[in-house]
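Per this note's numbering, the very first residue in the sequence shown carries number 49; after that it's consecutive.
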Amino acid sequence: MGKPLVAVFSGAGMSTDSGIPDYRGPQGLWRREPDAEKLVTYAYYMADPEIRRRSWLMRAEVWAAAPRPNAAHLAVAELERGGTPVRVITQNVDGLHQLAGMPARKVFELHGSARSVVCTACHARTGLDEALARVAAGEPDPACTACGGILKTATVMFGERLDPEVLAQAVAVAKGCDVFLAVGSTLQVQPAASLAGMAAEAGARLVIVNAEETPYDALADEIVREPIGTALPALLARLSAGAA
Numbered sequence: 049m050g051k052p053l054v055a056v057f058s059g060a061g062m063s064t065d066s067g068i069p070d071y072r073g074p075q076g077l078w079r080r081e082p083d084a085e086k087l088v089t090y091a092y093y094m095a096d097p098e099i100r101r102r103s104w105l106m107r108a109e110v111w112a113a114a115p116r117p118n119a120a121h122l123a124v125a126e127l128e129r130g131g132t133p134v135r136v137i138t139q140n141v142d143g144l145h146q147l148a149g150m151p152a153r154k155v156f157e158l159h160g161s162a163r164s165v166v167c168t169a170c171h172a173r174t175g176l177d178e179a180l181a182r183v184a185a186g187e188p189d190p191a192c193t194a195c196g197g198i199l200k201t202a203t204v205m206f207g208e209r210l211d212p213e214v215l216a217q218a219v220a221v222a223k224g225c226d227v228f229l230a231v232g233s234t235l236q237v238q239p240a241a242s243l244a245g246m247a248a249e250a251g252a253r254l255v256i257v258n259a260e261e262t263p264y265d266a267l268a269d270e271i272v273r274e275p276i277g278t279a280l281p282a283l284l285a286r287l288s289a290g291a292a
């Protein structure tokens, strides 16, 4: 009997130990500063240069700390290297799963990536570092150097739809996996959150690792409320031993 296919669905709580702020958690940015949600809402971003200025400053602050993968990211990559088939479906845009060693082709970024920048007019792509360097040099709202269009990170903002191809791949993983680990997600943002339900309905073992209750707790085979940085490595070690 082969090893089980493990799907790891990661939300913002996965990256808080790396210094990237949570948005919806108990100390999340949205709870402390509700107006901050406008910084990642497409309609506000496109209409208001001041929102764009604040959004770039927020990005600069986060990336200035050069966030690195934490113990949870490393444990997922280690499980994959150990021979267990792993697929990561992530709501995060930080690229830390790949930095930890997960092959990019096995990571499905539902909300895009903040590590690159795209022009909303001509769709030219550049690196985030280049845009942040221009902000630091005194351009509060850098425009596309090719066409003058509005630049944004290559993330899916509120008001934009998910990439249908990436979503279809994530759905296939959710329906085909043996174990579905929902880690650090409130499981409130749809359609991403519905993947947990799809996995459970398809017969996967659903494990939720999150500090707060989620709408899918009733479907879970196991719920872990302990800190992710210690709980997930222990859980994956147990899973690896059982699958060996």
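Every residue, glycine too, gets a C-beta built ideally from N, C-alpha and C.
From residue i to residue j, what distance separates their C-alpha atoms?
{"i": "ALA292", "j": "PRO133", "result": "Unreliable positioning characterises ALA292 in this predicted model, as indicated by a pLDDT of 43, which lies under 50. The coordinate reading is nonetheless provided below. Cα to Cα, the separation comes out at about 12 Å."}
{"i": "ALA60", "j": "ALA152", "result": "19 Å"}
{"i": "LEU87", "j": "GLY50", "result": "46 Å"}
{"i": "GLU274", "j": "PHE206", "result": "30 Å"}
{"i": "ALA285", "j": "ALA191", "result": "47 Å"}
{"i": "SER242", "j": "GLY186", "result": "42 Å"}
{"i": "LEU280", "j": "GLN217", "result": "24 Å"}
{"i": "GLU261", "j": "ALA220", "result": "26 Å"}
{"i": "VAL44", "j": "ASP269", "result": "Nothing can be reported for residue 44, as the shown portion of the chain is limited to 49 through 292."}
{"i": "ASN140", "j": "GLY232", "result": "10 Å"}
{"i": "ALA202", "j": "GLY130", "result": "32 Å"}
{"i": "PRO188", "j": "PRO115", "result": "23 Å"}
{"i": "ALA230", "j": "LEU180", "result": "32 Å"}
{"i": "GLY196", "j": "ALA120", "result": "40 Å"}
From what residue to what residue does the alpha helix (DSSP H) around residue i run?
{"i": "ARG173", "result": "Premise fails: ARG173 lies in the beta strand (DSSP E), 173 to 175, not in any alpha helix (DSSP H)."}
{"i": "ILE256", "result": "Careful: ILE256 lies outside any alpha helix (DSSP H), inside the beta strand (DSSP E) at 253 to 257."}
{"i": "LEU243", "result": "242 to 249"}
{"i": "ARG116", "result": "From DSSP, ARG116 is part of no alpha helix (DSSP H); its letter is neither H nor E."}
{"i": "PRO97", "result": "97 to 112"}
{"i": "GLU213", "result": "212 to 224"}
Determine the closest residue to residue i out of the options, with distance taken between C-alpha atoms.
{"i": "VAL214", "options": "PHE156, VAL136, GLU85, GLU249", "result": "PHE156"}
{"i": "TRP111", "options": "LYS154, GLY277, GLY175, TYR93", "result": "GLY175"}
{"i": "VAL136", "options": "THR278, GLY196, ALA240", "result": "ALA240"}
{"i": "LEU210", "options": "ARG273, GLY160, VAL56", "result": "GLY160"}
{"i": "ALA162", "options": "ASP226, ALA108, LEU267, GLY130", "result": "ALA108"}
{"i": "ASP142", "options": "VAL183, LEU158, GLN236", "result": "LEU158"}
{"i": "THR278", "options": "VAL124, ARG116, MET94, ASP96", "result": "VAL124"}
{"i": "ALA113", "options": "THR138, GLU98, PRO69, GLU126", "result": "PRO69"}
{"i": "LEU122", "options": "ASP83, ASP177, ALA282", "result": "ALA282"}
{"i": "MET62", "options": "VAL54, THR89, THR138, ALA172", "result": "THR138"}
{"i": "THR234", "options": "SER58, VAL54, PRO52, LEU53", "result": "SER58"}
{"i": "LYS154", "options": "TYR264, PRO212, VAL54, ARG253", "result": "VAL54"}
{"i": "HIS171", "options": "GLU178, LYS200, ALA247", "result": "LYS200"}
{"i": "MET150", "options": "ALA169, LEU127, VAL166, VAL165", "result": "LEU127"}
{"i": "VAL204", "options": "VAL165, CYS225, ALA222", "result": "VAL165"}
When burial is assigned at 16 or more other CB atoms within 10 Å of the CB, is residue i buried or exposed?
{"i": "HIS145", "result": "buried"}
{"i": "THR64", "result": "buried"}
{"i": "ALA91", "result": "exposed"}
{"i": "ARG100", "result": "buried"}
Does the CB of residue i have a neighbour CB from chain C at under 7 Å?
{"i": "VAL124", "result": "Absence of chain C from the displayed structure is noted, only one protein chain being present."}
Who are residue i's beta bridge partners in DSSP?
{"i": "LEU15", "result": "No answer is possible for residue 15: it lies beyond the span of the chain, which begins at 49 and ends at 292."}
{"i": "VAL155", "result": "VAL136"}
{"i": "GLY207", "result": "Looking at the DSSP assignment, GLY207 forms no beta bridge with any residue, so it has no partner."}
{"i": "THR89", "result": "PHE206"}
{"i": "SER288", "result": "SER288 pairs with nothing; no bridge assigned."}
Which stretch, first to last residue, makes up the beta strand (DSSP E) that contains residue i?
{"i": "MET229", "result": "The displayed chain sequence assigns Leu, not Met, to residue 229. Unbroken beta strand (DSSP E) run through LEU229: 227 to 231."}
{"i": "ALA55", "result": "54 to 58"}
{"i": "ILE271", "result": "270 to 272"}
Run the proximity test for residue i: is its beta-carbon closer than 6 Å to any non-hydrogen atom belonging to the ligand ZN?
{"i": "SER242", "result": "Within the structure as shown, the ligand ZN is missing, as the structure has no ligands at all."}
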